[in-house]
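Structure first, commentary second.
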Amino acid sequence: MAMTPSPFRNVFQAELDRLKKAGRYRSLRTLDSGTAPVISVDGHSRLLFASNDYLGLAAHPRMIRETAQALERYGTGMGASRLVAGHHRLHEQVENKVAALKKTEGALLFSSGYLTHIGVIPSLVGPGDLIFSDNLNHASLVDACRLSRAEIVIYPHRQGDFISDRLRRIPPRPDTRILIVTDGVFSMDGDLAPLPDLQALAKTYEALVLVDDAHATGVLGPHGEGSTGHWRIDSKNLLTMGTFSKALGALGGFVAGSEITMDYLRNQARTLFYSTALPPAVCASVGCALELLREEPGLLEGLRRNCAYFQNGLQALGMPVPPEGIPIFPIIVGSEERALGLAQALWERDIYIPAIRPPTVPPHQCRLRISLMATHTREQLDILLTVLQGLL
Ligand SMILES: *Cc1c(COP(=O)(O)O)cnc(C)c1O
11 MAMTPSPFRN
21 VFQAELDRLK
31 KAGRYRSLRT
41 LDSGTAPVIS
51 VDGHSRLLFA
61 SNDYLGLAAH
71 PRMIRETAQA
81 LERYGTGMGA
91 SRLVAGHHRL
101 HEQVENKVAA
111 LKKTEGALLF
121 SSGYLTHIGV
131 IPSLVGPGDL
141 IFSDNLNHAS
151 LVDACRLSRA
161 EIVIYPHRQG
171 DFISDRLRRI
181 PPRPDTRILI
191 VTDGVFSMDG
201 DLAPLPDLQA
211 LAKTYEALVL
221 VDDAHATGVL
231 GPHGEGSTGH
241 WRIDSKNLLT
251 MGTFSKALGA
261 LGGFVAGSEI
271 TMDYLRNQAR
281 TLFYSTALPP
291 AVCASVGCAL
301 ELLREEPGLL
311 EGLRRNCAYF
321 QNGLQALGMP
331 VPPEGIPIFP
341 IIVGSEERAL
351 GLAQALWERD
361 IYIPAIRPPT
371 VPPHQCRLRI
381 SLMATHTREQ
391 LDILLTVLQG
401 LL
C-alpha cells in the first residue's frame, strides 16, 4: 500500500512510539469463533477468561433461534432513529421487559451503553449544575459527564462522606441540580458502590443518583435485577442505566426510571435522535435474554457456583477476591511490563486474559482482569487456578 503523506503523520508516529515505550500500545487479536469458554483467536484455541458474557447467553440455543426468527421476519437494519421511523414493536417490548426487571415505571433503549450515557447525562445536568463522580467510574460515564459541561467533582472511590462534606462546606445555589454518578459494580475491580449511603445522601441534598449497572444487570440480585435487587432499595431518587452487551449476551443500552423521566429523555437525549435504532433482531436477542433470566434461574446459579468455586481457589493462593457472586477477579500486578509478561505467559499456556493498562486503570495498577462465565466448567476453572499458582 502506498504511504500517504499526512500533516499528522509525525505526530501519530511519535505518539505510537511513546505508547510502545510505556508498555501501553494496543493491538487487536482476531476471533474466528463466537464468544464461548473456548475460542479460536489468532488461529489458536484458547481458554477465554476475558468475556463479559457472564451467563453465556451469546451462545445460548434459544437466543440464537429467536434472533434468527426475528432476522428472517424483519431484516437486518432499522434504517432510522427511533424518533424518525425506527421505533419497532420489539423496542417497545424490550422497554417493557426492562422496566419489569428494574421495577420502574418505564425504560428507554439506546443502541449501546456508551450512547445511553452520552445521551442521558447531558440531558440531566448542564452548565451551572454539579456532578459527583466516583474516581473509578467507567470511561463512558466520564465522557458523558464532560459533555454535559456541568461542574464535575471527582470523589475518592466509594466515599460518600466526601460528597456530604463538600456540599456542607460549599453549599450549591438552590437551583443547582446535583447528580451523583457511579458504577453499580465497578468494571475493573468488581467491588460495589455503597448505594444505600448514596441514596440517603441524595435524599438529604435533593440530588439524583445515577447508577451504571453494566456489570450488575443479570448478575446481582435474586433474579439478576441488578443493584436495586441486591441492596433491596427502591428506585426513588435513583436512575439506573445499563447495557445488554454483557450478562445479557447481546447489544444495546438502557435507562430505567419514572415515566416522566423517560418522557423527558425521549425529548432530550441526542443519541436517541441522531443515532440509528437497534436492529429488531438484536431486540429479539435482548427480549429472549430477559425471559431466560426469569425462566432459567439455573443460569445465574451456575455463574454463582463458578464464582464461589473460583473465589475459594484464589483465596487458597492468598489472592484478594471480590464480593460474593461477582464474576470479576482483578489480579493487580503494578507495572505495564509485569501485566504484559503475565498475559503472555498465560497465552503460552493456552489461556487468553489480556493485560489491562492505563487509561483503563490508574497508573501502577495494571492488572489481569479475569472474568467468569456460567458456562465455564470446573475443569476449566481448575486449569486457570493451576496455571495462576505457577505464575504468581
Ligand atoms: C461496557 C460498559 C459500558 C458501555 O456499554 P456498551 O453497551 O458496551 O457500550 C458502560 N459502563 C460500564 C461500567 C461498562 O462496563
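Here our numbering is used: the first residue of the sequence shown is 11, the next is one more, and so on.
All residues carry an ideal CB built from backbone N, CA and C; glycine is no exception.
Counted as a single uninterrupted DSSP element, the alpha helix (DSSP H) harbouring residue 308 occupies residues 307 to 326. By the Cβ test, the stretch 354 to 364 is in contact with the stretch 377 to 395, since at least three Cβ pairs between them sit closer than 8 Å. Residue 73: member of the alpha helix (DSSP H) spanning 71 to 84, first to last residue. Residue 208 places its beta carbon less than 7 Å from that of residue 170.
Between the C-alpha atoms of residue 247 and residue 213 there is a straight-line separation of about 7 Å. Comparing C-alpha distances from residue 42 to each of 56, 29, 36, 34 shows the shortest one belongs to 56. Per DSSP, residue 251 is not a residue of any alpha helix (DSSP H); the beta strand (DSSP E) it occupies stretches across 248 to 253. A distance of 7 Å or more separates the beta carbons of residue 249 and residue 202. Note that the C-beta distance between residue 253 and residue 123 is below 7 Å.
Taking a cut-off of 8 Å for Cβ pairs, the stretch 282 to 292 and the stretch 79 to 88 touch, as three or more such pairs fall below it. Counting only runs that start and end inside the stretch 118 to 149, the alpha helix (DSSP H) elements of at least 4 residues fall at 123 to 134.
Remark: the shortest separation between the CB of residue 237 and any heavy atom of ligand 1 does not fall under 6 Å. Residue pairing by DSSP places residue 342 opposite 377 in a beta bridge. Boundaries of the alpha helix (DSSP H) harbouring residue 177: 170 to 179, taken from the DSSP string. Contact annotation: residue 292 and residue 257 have beta-carbon atoms that are not nearer than 7 Å. In the displayed model, residue 258 falls within coil according to three-state DSSP, outside both helix and strand.
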